[in-house]
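**Student:**
Numbering (the working numbering), first residue to last: 15 to 945.
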């Protein structure tokens, strides 16, 4: 039947509040009676079977999964039923169960059981598995077939235009509301569209601060991307227009047929009785706004230079300039010799290294830094404490270098597998939402042949998936493509010196207002977001440098270039272009966002790190702000287009047919400095390295074996596996005499012996094995880190360093870049610092050590006292104290505190699942032949 419709006021921090009182069950029944069959269109005609595609070289060994389900649209009636009775629209959560079940099912996994936890990702749909066939808008040049098991659209076109029209139509069928939400996020207009909830305010502020585009800016990005890419640019523009035509055709059909997403009614955009109101058509610039959100979330490494400067100044104030700098560098770990690497063949790829003699640094005067305000003229609910708090969090997120990373990859070359063909288990960790940010599709048409995942609203091409005889995926890389400039002010606070001329800043403003709706009862409110832009990017801070008033701006190489990557994705979908690993790498070179790209076919594996890495002026240290002067600008930088010289592809970490690759947002290669802190001796990438290196060396790796390695790492507590044994070694240097502490030590030791996993006693028990040990460590870690480091560093420097790198990111932690119930864990934390410090105290060799010993003043006995004192304190804390509860969980519910919630972006809710630290969309592939 024609398709469903999306979901609810956007809240990235917590589950939205329930609907108001009128949605009681009796009322729901009355409403549903009037909303069902009269407005439901006929089932799509012509249930003609579709044959399995002949251009599939995977031999049935390609699988994938994307929870909670393909159907991300829900009519008003379906939303009301879900809210009242928990019923689900078809295919809304049928991938959630298999995804969740892997956590307890993986130990017994074999190759023939992989598809008990994944879906068959073969091309086409077997004749007996066709659920529906439709010709969107009655077109004769495209057919959308959906399978019975998952409802994934398989789009086949006889013309390029028809193919892309079908892709747009299918995307709107599956994610129209979500697409609409995120085009408004990208434009800084979310609250006016979806409601003024504090989380909505924070989300639009987070993105508007870094991408304050006007309509003219958005259009120029399309024009420039097309103009600079010849025939492929022209084809991309034609594809976009066809895709949008399909999206808008579905909008018109669902509007007239009254089966559009019910959220449009609940947010006041449509009237359920009269059908009054409008669902705005999509236009080209909306896709650029969408792309800016995706790029900012997952593909723009860098920033944080002002925070780096503040912690450096704190270190120098504590220790003096020379020793303070040495201490700072030891915590920064720019190129730590113990860091786990993706390219481990000994080659070095120097980038953003510390210069011998830094030039142009513009460090702020002590105490002079103030953050640039974004929000003005707050009124109504925009002036509440919750709204102010959301703004603070949004600013911290957008200005930090600890950006959302996530995603992992395990790839083993054919030389080390049982079949002789490469095996890959990989995917992006994009969080958990309802509906999911990604959607699944298969696209077959002239010049396009692929199946996989794409971000909703940008699905004219498959962005992560498989082609006819190859598959590809990505992880966030995080290398630094953002720099901070100190522009010297002149005349007033809104003029600055540009090449010696006093130049006016450009003010961009977005005014938003909202009122209560059924979906979001937040009281009426309003505010204006104002950004001052310079040629060096938006203003983020104000300060003085040597007594001179400056504004600190951030310049990102992908700023004003959000659409450029479309060419790379077009190439990846083109079977005529990608015929081997070199072609794959060439396609990835056309993606300007910072990602690690992985490839596998039946004979080869490959890797490439993408991103427009600017060539910096000699002597510029990318870690700190520099003066906005010609001598310190990017090489051949043109402020009108924000283009510059970029490092050549040969300077990017890359490889073909390495024995194996692992990536979990770890360091790419020797010499390649990443912007986030924390790439040291202990990183979650080690969890993959330790499970892949030995099996690869032994040979005989299988699809099931590599999937088991990923799944086992997904349950591991990094602190317990890689740091706790060293802590216990310090404690074991003498007998533990306190009974309560001795019991805690015994439980922790037993947990290590059991595998250091956060796993249920049995599937569905909602109780952890080793629950006491887990509680103790969760309570102990923050106490331990503070007691170990703050006395030596001093309060000011310790606090400054925690601003650079959070101390922890356990699953239950409601802090850090990912927040609670988000799955992704252990990306950012002080585990390397603790590891290096404890080993130094034990007298063990420590390559790349910290500048000083900290635990207990550097002595073994004093360190042991610190560990035992904090451990005893932690062991005495109750579960309710360690897990205080939130809007999802009651206090003391350990399993629930860790659990993954599909955060509603619309009106449909799903059940929580047990914690796993794994990709959201994931492929398991092993191609058996090649064209």
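Cβ coordinates follow ideal geometry from the N, Cα and C atoms, glycine included.
Note that the structure is a prediction, hence the values are computed from the model and not measured.
In three-state DSSP terms, what is residue 918?
**Tutor:** Residue state, collapsed to three classes: strand.
**Student:** Quick one: give me the first and last residue of the alpha helix (DSSP H) that residue 739 is part of.
**Tutor:** Per DSSP, residue 739 belongs to the alpha helix (DSSP H) from 738 to 745.
**Student:** Smallest Cα separation from residue 179: which of 252, 594 and 614?
**Tutor:** Among 252, 594 and 614, the Cα nearest to that of residue 179 belongs to 252.
**Student:** Between residue 176 and the rest of its own chain, which residues show a CB-CB distance below 6 Å, the 5 nearest in sequence each way excluded?
**Tutor:** Contacts found: 153, 155 and 156.
**Student:** Out of 319, 464 and 749, state which residue places its alpha-carbon closest to the alpha-carbon of residue 817.
**Tutor:** Taking only the C-alpha atoms, the option nearest residue 817 is 319.
**Student:** Between residue 196 and residue 589, what straight-line distance do the alpha-carbon atoms span, to the nearest angstrom?
**Tutor:** Taking the straight line joining both Cα atoms gives about 31 Å.
**Student:** CB-CB under 7 Å to residue 301, same chain, minus the five flanking residues each way: which ones, in chain order?
**Tutor:** If we look at residue 301 and ignore the five residues flanking it on each side, its Cβ neighbours are 254, 471 and 472.
**Student:** Quick one: Cα of residue 423 to Cα of residue 614, how far?
**Tutor:** Going by the C-alpha atoms only, they are around 11 Å apart.
**Student:** How would you label residue 923, buried or exposed, when you count the other beta carbons within 10 angstroms and need 16 or more for buried?
**Tutor:** Flag for residue 923 reads buried.
**Student:** Considering only residues of the same chain and omitting the five flanking positions on each side of residue 891, which have a CB-CB separation below 6 Å?
**Tutor:** For residue 891, where only same-chain residues beyond five positions count, the Cβ hits under 6 Å are 793.
**Student:** So if DSSP puts residue 180 in a beta bridge, which residue, or which two residues, is it bridged to?
**Tutor:** BP columns for residue 180 are empty, so no partner.
**Student:** Per the DSSP calculation, residue 307 is bridged to which residue(s)?
**Tutor:** Residue 307 pairs with nothing; no bridge assigned.
**Student:** Residue ranges of each alpha helix (DSSP H) run of no fewer than 4 residues wholly in the segment 418 to 460, ordered along the chain?
**Tutor:** With a minimum length of 4 residues, no continuous alpha helix (DSSP H) run stays inside the segment 418 to 460.
**Student:** Going by CA-CA distance only, name the one from 582, 807, 199 and 210 that's closest to residue 329.
**Tutor:** The option with the nearest alpha carbon to residue 329 is 807.
**Student:** In terms of alpha-carbon separation, which member of 734, 779, 753 and 746 lies closest to residue 766?
**Tutor:** Closest by alpha carbon: 734.
**Student:** Check whether the Cβ atoms of residue 730 and residue 701 sit closer than 8 Å, and answer yes or no.
**Tutor:** In contact: residue 730 and residue 701 (Cβ atoms closer than 8 Å).
**Student:** Touching or not, the segment 331 to 344 and the segment 515 to 531, by the rule of three or more beta carbon pairs under 8 Å?
**Tutor:** Counting Cβ pairs under 8 Å, fewer than three are found: no touch.
**Student:** Taking only beta-carbon positions, decide if residue 318 is within less than 8 Å of chain B.
**Tutor:** No chain B appears in the structure shown, which is made up of a single protein chain.
**Student:** If I measure Cβ to Cβ from residue 520 and keep anything under 6 Å in the same chain, skipping five residues before and after, which residues do I get?
**Tutor:** Taken in chain order, the residues that qualify are 547.
**Student:** Between which two residues does the beta strand (DSSP E) containing residue 363 stretch?
**Tutor:** Looking at the DSSP string, the run of the beta strand (DSSP E) that includes residue 363 is 362 to 365.
**Student:** With a floor of 3 residues, list each beta strand (DSSP E) that falls wholly inside the segment 100 to 156, ordered by position along the chain.
**Tutor:** DSSP runs (the beta strand (DSSP E)) wholly in the segment 100 to 156: 144 to 148.
**Student:** How big is the Cα-Cα spacing for residue 651 and residue 571?
**Tutor:** Computed Cα separation, rounded: 10 Å.
**Student:** Compare the C-alpha of residue 838 against each of 164, 913 and 849 and name the closest.
**Tutor:** It is 913.
**Student:** With a CB to CB cut of under 6 Å and the five nearest residues on each side skipped, what residues in its chain are close to residue 166?
**Tutor:** Cβ within range, chain order: 84 and 454.
**Student:** If you run the structure through DSSP and keep just helix, strand and coil, what is residue 15?
**Tutor:** In this prediction, residue 15 scores a pLDDT of 37, lower than 50, which makes its location untrustworthy; the coordinate-derived value is nonetheless stated afterwards. Looking at residue 15 - three-state DSSP - the assignment turns out to be coil, as it is neither helix nor strand.
**Student:** Does the structure place the segment 928 to 937 close enough to the segment 438 to 452 that three or more beta carbon pairs sit under 8 Å?
**Tutor:** Yes, the segment 438 to 452 touches the segment 928 to 937.
**Student:** If you follow the beta strand (DSSP E) that residue 464 is part of, which residue opens it and which one closes it?
**Tutor:** Unbroken beta strand (DSSP E) run through residue 464: 462 to 469.
**Student:** Whose C-alpha, out of 784, 751 and 694, is nearest the C-alpha of residue 737?
**Tutor:** Minimum Cα distance to residue 737 is reached at 694.
**Student:** In whole angstroms, what is the alpha-carbon distance linking residue 411 and residue 280?
**Tutor:** For residue 411 and residue 280, the distance between alpha carbons rounds to 30 Å.
**Student:** Do you know offhand how far residue 683's Cα is from residue 123's?
**Tutor:** Each residue's Cα considered, the two are about 32 Å apart.
**Student:** Under 8 Å, with one C-beta from each stretch per pair, do the segment 450 to 464 and the segment 75 to 90 reach the 3-pair mark?
**Tutor:** As far as the Cβ criterion goes, the segment 450 to 464 touches the segment 75 to 90, which means the pair count is three or higher.
**Student:** Mind checking whether residue 395 and residue 538 have CB atoms under 8 Å apart?
**Tutor:** Yes. Within cutoff.
**Student:** Should residue 283 go down as buried or exposed, given a rule of 16 or more other Cβ atoms within 10 Å for buried?
**Tutor:** So residue 283 counts as buried.
**Student:** With DSSP run on the structure shown, which of helix, strand or coil describes residue 279?
**Tutor:** Helix, per DSSP.
**Student:** Per DSSP, residue 479 is paired with what?
**Tutor:** DSSP lists 466 and 486 as partners of residue 479.
**Student:** Where do the ends of the alpha helix (DSSP H) carrying residue 761 lie?
**Tutor:** Start and end: 753 to 768.
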